[in-house]
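A.B. asks: Take this structure first; my questions come after.
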Amino acid sequence: SFCSKYFKISLENSSFDSSLSTSTWRLAQDQTRDTQLITVDEKLDITTLTGVPEEHIKTRKARIFVPARNNMQSGVNNTKKWKMEFNTRERWENPLMGWASTADPLSNLVLTFSTKEDAIAFAEKNGWSYDVEERKVPKPKSKSYGANFSWNKRTRVSTK
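For the sequence shown, this note's numbering begins at 22 and goes up steadily by one.
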């Protein structure tokens, strides 16, 4: 297409040492002809580029947490990643179908991150305020294997 040809030619013909009003950018040193990376020296504010209305950026509060383990299972699956979800906004009942409606596009959005620092950096990059709930590590209960078969304790309930 025209855009890909134009940008490929412009990347090859320029050195990218120009200074913008918000950041300085240049091509990475280990560039090849096929892949060219542009590195940004300063932290950019991307809130104007996302297209999200101002009311969803400035008045937003995100909650960063690690989800609790499912009580019905003994495994620890899905408890290693950090999640980010947003506060609940106004909802109303749809008069036609009776469904719960909202004008909030971020109400059902849950983002997953591998570290807490990644989640915090993403929230700051988007201009959201956030609360971090620290990971709750359960203390292991030490008991012997023989305690499962003890008959004189109140742990076993009679079936009669």
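All residues carry an ideal CB built from backbone N, CA and C; glycine is no exception.
All values derive from a computational prediction rather than experimental measurement.
#1: How many Å lie between F86 and M118 at the Cα?
#2: Figure out for me which residue from K160, A89, S165 and M105 has the closest Cα to the Cα of V131.
#3: Do the segment 143 to 160 and the segment 72 to 83 touch if we need at least three Cβ pairs shorter than 8 Å?
#4: Tell me the rounded alpha-carbon separation between S22 and N129.
#5: Pull up the DSSP beta-bridge partners for R84, would you.
#6: Within 10 angstroms of the Cβ of F107, are there 16 or more other Cβ atoms? Answer buried if so, exposed if not.
#7: Among F170, P159, S122 and K146, which has the Cα closest to the Cα of K79?
#8: Taking all protein chains shown into account, decide if A144 is buried (16 or more other Cβ within 10 angstroms of its Cβ) or exposed.
#9: Give the secondary structure of A121 by DSSP, where H, G and I count as helix, E and B as strand, and everything else as coil.
#10: What does DSSP give as the partner residue(s) for E145 in the beta ladder?
#11: So, helix, strand or coil for E114, using DSSP?
#12: Taking the alpha-carbon of K137 as reference, which of Q94, S163, G167 and K101 has the nearest alpha-carbon?
#13: At the level of alpha carbons, what is the spacing between P161 and A89?
#14: Determine the direct distance from the alpha carbon of P126 to that of F170, and round the result to whole angstroms.
#15: Taking C-alpha atoms, which residue in W120, G148 and T123 lies nearest to E75?
C.D. replies: Once the coordinates are examined:
#1: As a first step, residue 86 must be located in the sequence shown, where it is residue number 65. As a first step, residue 118 must be located in the sequence shown, where it is residue number 97. Rounded to the nearest whole angstrom, the CA to CA distance from F86 to M118 is 34 Å.
#2: Taking the sequence shown and counting its residues from 1, one reaches residue 131 at position 110. V131 has its Cα closest to that of M105, out of K160, A89, S165 and M105.
#3: Taking 8 Å as the limit for Cβ pairs, the verdict is that the segment 72 to 83 does touch the segment 143 to 160.
#4: Walking along the sequence shown from the start, residue 22 turns up at place 1. Walking along the sequence shown from the start, residue 129 turns up at place 108. Confidence at S22 is low in this model, with a pLDDT of 47, below 50, so the placement of that residue should be treated as unreliable; the coordinate-derived value is given next. So the two alpha carbons sit approximately 37 Å from each other.
#5: Your numbering for residue 84 matches position 63 in the sequence shown. Partner(s): E106 and D152.
#6: The residue you call residue 107 lines up with position 86 of the sequence shown. Taking a 10 Å sphere around the C-beta of F107, we find 16 or more other C-beta atoms and assign the residue as buried.
#7: Here residue 79 refers to the residue found at position 58 of the sequence shown. The residue with the shortest Cα to Cα distance from K79 is K146.
#8: As a working mapping, residue 144 is identified with position 123 in the sequence shown. A144 is buried by the Cβ-count criterion.
#9: For this step, residue 121 is matched to residue 100 along the sequence shown. For A121, the secondary structure class from DSSP, reduced to helix, strand or coil, is strand.
#10: Position 124 of the sequence shown holds residue 145. Paired residue(s): none; E145 is not in a bridge.
#11: Here residue 114 refers to the residue found at position 93 when the sequence shown is read from its first residue. Looking at E114 - three-state DSSP - the assignment turns out to be strand.
#12: In the sequence shown, the residue the question calls residue 137 occupies position 116. Measuring from the Cα of K137, the nearest candidate turns out to be K101.
#13: Looking up residue 161 in the sequence shown gives position 140. Looking up residue 89 in the sequence shown gives position 68. Straight through space, the alpha carbons of A89 and P161 are spaced by roughly 15 Å.
#14: In the sequence shown, residue 170 corresponds to position 149, counting from 1. In the sequence shown, residue 126 corresponds to position 105, counting from 1. Roughly 54 Å between the two C-alpha positions.
#15: Translated into the one-based positions of the sequence shown, residue 75 becomes position 54. If we check each option's Cα against that of E75, G148 comes out closest.
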